[in-house]
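Colleague: Once you've had a glance at the structure underneath, I'll fire off some questions.
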Amino acid sequence: MITVSTIKIPYDKLLIRLGYWQTKTKLNKKTDESIKEILDLAQKLIKPKIVTAFENTIVNEQEILFNNGYKIKSASVASLLRNSFRAYGVGITIGNTLEDKRAESLRKGEIFSALILDAAGSVAAEETMILVNAQIKIYEEKNGNKLTKRYSPGYGDWVLEDNRQFLSWLGAERIGIKLNEFCQMIPEKSISALIGVEKLENKKERICG
Amino acid sequence: MDKSYFLDILKSQVLIMDGAIGTELQKKNYLIDVTIPEELNIKFPERIVDIYSSYINAGSDIVLANTFGVNPIKLKQNGLLDRADDIVKFGIDLIRKISPKVIVAGDVSSIGEYIEPLGSLSFDEAYNAFAFQTSLLQKHNADIIIIETMTEIKEVKAAILAAKENFGGAIVAQMTFSKDGTTVTGTDLRSFIAMAESLGVDALGLNCSIGSKDLVELAKVLCDNTNLPISFKPNAGIPALINRETFFPETKEEFLESSLKAYSYGVNMFGGCCGSDPEFIRILSSRLKNKPPKIRKSTNKYFLSTRIKAIDINEIKTPIVIGERINPTNRSRFQKELLKGNLYPIKEEARVQVQFGANILDVNVGIASVDEVKLLTNAVNQIQEIVSVPVCIDSSNFYALEQAVKNCAGRPIINSVNGEQTKLDLILPIAKKYGAALIALTTDDDGIPKTMEKRLEIAQKILKFADSYCVERKSIIFDYLALSASSSPEQIQETLKAMKESKIRYPECKLILGISNVSFGLPSRQTINSTFLKMATDTGLTFAIINPLEDWTIDSALAKNLLKNVDKGAVKYMETFASFRKQIPIIEDKKLSLDQQLYFAILNGNQESVSDIVNQIIACEPNSFEMVNDNVLKGLDVVGQRFALKEYFLPQLIMSAQAAQTAFAVVKTILKKHEKFSKGKVIMATVKGDMHDIGKNIVGVVLESYGFDVIDMGINVDSQSIVNKACELNAIAIGLSALMTTTMPEMEIIVNLRNTANTRAKIIIGGAAVTDKFAKEIGADAYAKDAVGAAKYIKTL
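These protein sequence lines map, in sequence, to chains Z and H. Taking the numbering used here, the leading residue of the first sequence gets 8, the next gets one more, and so forth. Taking the numbering used here, the leading residue of the second sequence gets 2, the next gets one more, and so forth.
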């Protein structure tokens, strides 16, 4: 069962997202405290939600056919899933509260706050996705399978417009994810991705072969 | 239903509540043709009757009316505001028609927007929304109110206050917690108890979010920390949305097992939240209905709290330290910052005092010509977001005090009331309404009494009025006043004697002293202060208002003799300490010239200090404009170099840029020569089809810090409009941002439009997927990988 209750936004990952280099950047006390203060705020404003779907798949050179009739036309996705017999679709969001606060900060000219909130939101979304990915991985490994890397609409030749159909397959509207007229996700700090499932033996075969 | 009748029932038996309404409505496809579930009450009452009936048949003693979201904000958004009365009326009456015996609970939940500072809703707006809802529940005779599925403590506060003031029946407050025992906004269980108990709810509880197995462990914490009845309404596990279906993993048997465990802890009301259905309630009812509640061991907690943490005064070793340093008295720099509305020094004092062991922070911002009503509330809000210790709100301004206490995200102490009738009549109702603890000074209209008897008389008067205003005696903290040992040595013993006697006469009341007064006018003040603190602690002092940064380990026999008035005229004490001089730390800034101070303020991103420095430069220096300009730019250049070397990262760049912006803003305001000051206009925009704004705004701030006038056209901007604006304003540059590959072609369109228009503006582009190569391909004048790169190029124009 894939669930998420809380996500802790790691401070070190936030710093890296903001361009911090451990061996080079000299972080002073005031900046450190100010970032932590806004991170505390961000932590209170995120509400991670996830939605998943999975189907067995048949992969051709240019397209992936799902058991339920859903189809993705993309050579790059087909390449990723060439050894997969099943695929998971995942949608995650951290909700719109943090983004509202970021917009409010921008309106007030508080760029520092907006910057930290924005980065914290990105890290929170990524952490949520990592958690979901890990849960799927544990489940599939128990069944003797392994996962491909994640792949999202907009990567390679998988056109962004396909996200509409992809999110529809997931039922992402139930966690509040929408697409605007330019196919960008709202809330902005949302991720949709596809993950393939392969039999563990496949890797061995490739190595041996 | 009379409140005491409801509470009497709870004393004799546990009550079965209902299960989920929302997920049942979804499951039965009942929400398909309504805007919000509450609309069912008036549009398809038979559907909501079906749900109500299923729970009543399953054994529910309490059913929540379908009024969860009947607040004016949500109703207005859904075009149903004018139907609010009917929605509430039908929501309640439909239950009564099915079973007149069932206890009908008015359901109150979150507005859907956070209150400041997490969101933009004011506390009063939230209160008014709940007042609207709870008034309707009163009008249509709900038996009790259940506030539920709350995640933010200030919203709970607003809801309870509104219910208390507009509804006559019992009030149950429930919050929603994660497995770790905190809400998504960070409030822990004891902070919830502190707030709910102090505001006078009749019962409290837990609902939603997690399954019964995890929630029962949190119920145990509630049982151990409150004497109030407790409700328990878990989800049927954490839901998972898989293949367009919502799965709740828990079975009714698992749910029952946890509920029975909760019963054994002493929980009084049992029901279910999301994913539970009438079968869950039926099995609960079969095992728990009409059972007498388990008697819990009585607890003796004295909570003060913040948004995220509560402290139990009875658990902390005395004296409990109240840090006194957030106070502008005799601190000119602190005052100057407050007058500018700069709260950084307050936040810094808060952090430092907590690091040095303060358990509570006194917050006083009272200076002439400041808007104390606004400033005190802001200060309390900001402090509560950065440290997790409770506050002691200190003001002689009644309005400021009420606003700050109202907006406080925890249970605070009010500092203070005294025996003056006017103050008693003003302050006691605030303490009662907002559930705050209250410092009571034993003075009155005649000033500070000289004898212990008189001070105790005033204490008695204060208690009499506290009783009449229904303020619990244990919320009163008496201050028997530490006077200066130099001018009134005999008074020290009067204070200590009064404290001793107070503990006998009013054992439920705590004791507090502001310690540092005692040493006023004497050398080596800390020797006396620390020694006096030990004497007062031995006499039963609970709270000490002190500077936690000082040394509180000193225990001097000489000071003790002075304080006991054995050392008459402080002769012996003065022999030893007369020549004592406290070392004052040298402040580095003082050594620097003004231009150096400005340079370092930019370099270190000290936006707060920049205005002062620039104002001083303008007041003192003949070539002030050049001095400001040169030093700001010098500072920014070094910031840029450090950024390139990765010694600085983006937050530091922004802090420095904002400091520079402030410097130029001051110059502009004072010199009133806007146009001459500008180094040129730069248009900034995120291209059509792209909604991303943060990168563009960062570049804008950095350019402004260099003195350029930035015209930010926003996101998703039409290409022709950008070029038109550049022509209109005779801009020197157009900065374009695009985050996505799909929107990058718009940049080429703008370059082409610019080429045919009458403008000198150069085009510089940037964004996640944009490259130097792409810039060249489309004929843009420059590419910048970051804000510093953009500034570097535009400076050359």
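Here a beta-carbon is modelled for each residue, glycine too, at the ideal position from N, C-alpha and C.
What does DSSP give as the partner residues of Arg288/H in its beta bridges?
Modeller: Here residue 288/H refers to the residue found at position 287 when the second sequence is read from its first residue. Paired residue(s): none; Arg288/H is not in a bridge.
Colleague: Quick one: which chain Z residues come within Cβ less than 9 Å of Thr757/H?
Modeller: On the second sequence, position 756 is the one that residue 757/H refers to. Within chain Z, no residue comes near Thr757/H; the closest Cβ sits about 26 Å away, beyond 9 Å.
Colleague: So, is the C-beta of Leu87/Z closer than 8 Å to a C-beta in chain H?
Modeller: Counting from 1 along the first sequence, the entry for residue 87/Z is found at position 80. No, Leu87/Z lies away from the interface with chain H (no Cβ there is under 8 Å from its Cβ).
Colleague: Where does Cys621/H land, buried or exposed, given buried means 16+ other C-beta within 10 angstroms?
Modeller: Along the second sequence, read from residue 1 onward, the residue named residue 621/H stands at position 620. Exposed is the call here.
Colleague: Would Ala788/H count as contacting chain Z if we go by Cβ distances under 8 Å?
Modeller: The count along the second sequence starts at 1 and reaches residue 788/H at position 787. So no, Ala788/H is outside the interface.
Colleague: Within the same chain, show all residues whose beta-carbon is closer than 6 Å to that of Ser679/H, passing over the 5 residues directly before and after it, in chain order.
Modeller: Residue numbering aside, residue 679/H sits at position 678 when the second sequence is read from its first letter. Excluding positions up to five away in sequence, the list reads Asp710.
Colleague: In whole angstroms, what separates the C-alpha of Pro346/H from that of Ile546/H?
Modeller: Your numbering for residue 346/H matches position 345 in the second sequence. Your numbering for residue 546/H matches position 545 in the second sequence. The alpha-carbon atoms of Pro346/H and Ile546/H are separated by roughly 19 Å.
Colleague: Can you look up Phe644/H in the DSSP assignment and give me helix, strand or coil?
Modeller: For the purposes of this step, residue 644/H is taken as the residue at position 643 of the second sequence. Phe644/H: helix per DSSP, three-state reduction.
Colleague: Is His675/H close to chain Z? Criterion is C-beta to C-beta, closer than 8 Å.
Modeller: Taking the second sequence and counting its residues from 1, the one referred to as residue 675/H is at position 674. Bear in mind that the predicted position of His675/H carries a pLDDT of just 47, short of 50, making it too unreliable to give a figure here.
Colleague: Using a Cβ-Cβ distance under 8 Å, would Phe650/H count as near chain A?
Modeller: No chain A is present in this structure, whose protein chains are Z and H.
Colleague: Look up Gln175/H in the DSSP assignment and say whether it is helix, strand or coil.
Modeller: Stepping through the second sequence from its first residue, residue 175/H is reached at position 174. Strand at Gln175/H.
Colleague: So for Phe193/H, helix, strand or coil by DSSP?
Modeller: Taking the first residue of the second sequence as 1, we reach residue 193/H at position 192. Helix.
Colleague: Does the distance from the C-beta atom of Asn140/Z to that of Arg157/Z stay below 8 Å?
Modeller: Along the first sequence, one-based indexing puts residue 140/Z at 133. Along the first sequence, one-based indexing puts residue 157/Z at 150. A contact, by the Cβ cut-off of 8 Å.
Colleague: What beta strand (DSSP E) runs, 3 residues minimum, are completely inside the segment 63-148 of chain Z?
Modeller: Fully enclosed beta strand (DSSP E) runs of 3 or longer: 70-73, 78-80 and 91-100.
Colleague: Going by C-alpha distance, which of Gln134/H, Glu325/H and Phe248/H is nearest Phe357/H?
Modeller: On the second sequence, residue 357/H is found 356 positions in, with the first residue counted as 1. Closest by alpha carbon: Glu325/H.
Colleague: Against chain H, does Ile184/Z count as a neighbour if the rule is that its beta carbon must be under 8 Å from one of theirs?
Modeller: Position 177 of the first sequence, counted from the start, is the residue given in the question as residue 184/Z. Closer than 8 Å: no.
Colleague: Using a Cβ-Cβ cut-off of 7 Å (strictly less than) and excluding sequence neighbours within five positions of Val629/H, which residues of its own chain qualify?
Modeller: As a position in the second sequence, residue 629/H is number 628, starting the count at 1. If we look at Val629/H and ignore the five residues flanking it on each side, its Cβ neighbours are Leu599, Val615, Ile618, Ala664 and Val668.
Colleague: Which residue spans inside the segment 360-413 of chain H form an unbroken beta strand (DSSP E) run of at least 3?
Modeller: Counting whole runs of 3 or more residues, the segment 360-413 of chain H contains the beta strand (DSSP E) stretches 361-364 and 392-395.
Colleague: Spell out whether any CB of chain H is found under 8 Å from the CB atom of Arg181/Z.
Modeller: One-based indexing of the first sequence puts residue 181/Z at position 174. So, interface residue.
Colleague: Between which two residues does the beta strand (DSSP E) carrying Ile296/H extend?
Modeller: Mapped onto the second sequence, residue 296/H falls at position 295. Careful: Ile296/H lies outside any beta strand (DSSP E) and carries neither H nor E.
Colleague: Note down, in chain order, every chain H residue with its Cβ under 7 Å from the Cβ of Asn74/Z.
Modeller: By one-based count along the first sequence, residue 74/Z stands at place 67. None at all; the shortest Cβ gap to chain H is about 11 Å.
Colleague: So Gln659/H contacts chain Z; which residues on that side make the cut at Cβ distance below 7 Å?
Modeller: Locating residue 659/H in the second sequence gives position 658, where the first residue counts as 1. By Cβ distance, chain Z contributes Ile118 and Phe119.
Colleague: In whole angstroms, what is the alpha-carbon distance linking Asn419/H and Asp108/H?
Modeller: Walking along the second sequence from the start, residue 419/H turns up at place 418. Walking along the second sequence from the start, residue 108/H turns up at place 107. For Asn419/H and Asp108/H, the distance between alpha carbons rounds to 41 Å.
Colleague: Take Ala200/Z as the anchor and find which of Pro194/Z, Glu208/Z and Phe173/Z has the nearest alpha-carbon.
Modeller: For this step, residue 200/Z is matched to residue 193 along the first sequence. For the residues Pro194/Z, Glu208/Z and Phe173/Z, the minimum Cα distance to Ala200/Z belongs to Phe173/Z.
Colleague: Can you tell me whether Thr797/H is helix, strand or coil according to DSSP?
Modeller: Residue mapping note: residue 797/H aligns to position 796 of the second sequence, counting from 1. Reduced to three states, the DSSP call for Thr797/H is coil.
Colleague: Below 8 Å on the Cβ atoms is my guess for Ile63/H versus Met18/H; work out the distance and round it to an integer in Å.
Modeller: As a first step, residue 63/H must be located in the second sequence, where it is residue number 62. As a first step, residue 18/H must be located in the second sequence, where it is residue number 17. With a Cβ gap of about 5 Å, Ile63/H and Met18/H count as contacting.
Colleague: Nearest CA to the CA of Asp719/H: which residue from Arg245/H, Glu705/H, Asn731/H and Met692/H?
Modeller: For this step, residue 719/H is matched to residue 718 along the second sequence. Closest option to Asp719/H, Cα to Cα, is Met692/H.
Colleague: Taking Cβ positions only, does Arg245/H come closer than 8 Å to chain Z?
Modeller: Position 244 of the second sequence holds residue 245/H. Yes, its Cβ sits closer than 8 Å to a Cβ of chain Z.
Colleague: For Asn228/H, which option in Asn301/H, Gly273/H and Lys165/H has the closest C-alpha, if you only look at C-alpha atoms?
Modeller: Within the second sequence, numbered from 1, the residue matching residue 228/H stands at position 227. Minimum Cα distance to Asn228/H is reached at Asn301/H.
Colleague: Kindly confirm or deny that the segment 501-521 of chain H and the segment 456-476 of chain H touch, where touching means at least three C-beta pairs closer than 8 Å.
Modeller: Result yes; three or more Cβ-Cβ pairs closer than 8 Å.
Colleague: Could you work out which residues of chain H lie near Asn187/Z, taking near to mean beta carbons separated by less than 8 Å?
Modeller: On the first sequence, position 180 is the one that residue 187/Z refers to. Result: Met692.
Colleague: Under 8 Å between beta-carbons, which chain H residues line up against Ser12/Z? List them in chain order, please.
Modeller: Residue numbering aside, residue 12/Z sits at position 5 when the first sequence is read from its first letter. Going along chain H in sequence order, the residues near Ser12/Z (Cβ under 8 Å) are Ser179, Lys180, Ser210, Ile211 and Ile239.
Colleague: Cutting at 6 Å between CB atoms, please list the residues of its own chain near Val789/H, excluding the five before and the five after it.
Modeller: The residue given as residue 789/H occupies position 788 in the second sequence. Hits under 6 Å: Gly641 and Phe644.
Colleague: Of all Cβ atoms in chain Z, is any one closer than 8 Å to the Cβ of Ser121/H?
Modeller: Taking the first residue of the second sequence as position 1, residue 121/H is located at position 120. Closer than 8 Å to some Cβ of chain Z, the Cβ of Ser121/H qualifies, so yes.
Colleague: What do you get for Lys158/H, buried or exposed, if any count of 16 or more other CB atoms within 10 angstroms of its CB means buried?
Modeller: Residue 158/H sits at position 157 when you count from the first residue of the second sequence. Classification of Lys158/H: buried, given that the 10 Å Cβ count is 16 or more.
Colleague: Closest by CA to Ala237/H, which one among Asn244/H, Pro230/H and Glu258/H?
Modeller: If you number the second sequence from 1, residue 237/H lands on position 236. It is Glu258/H whose Cα lies nearest to the Cα of Ala237/H.
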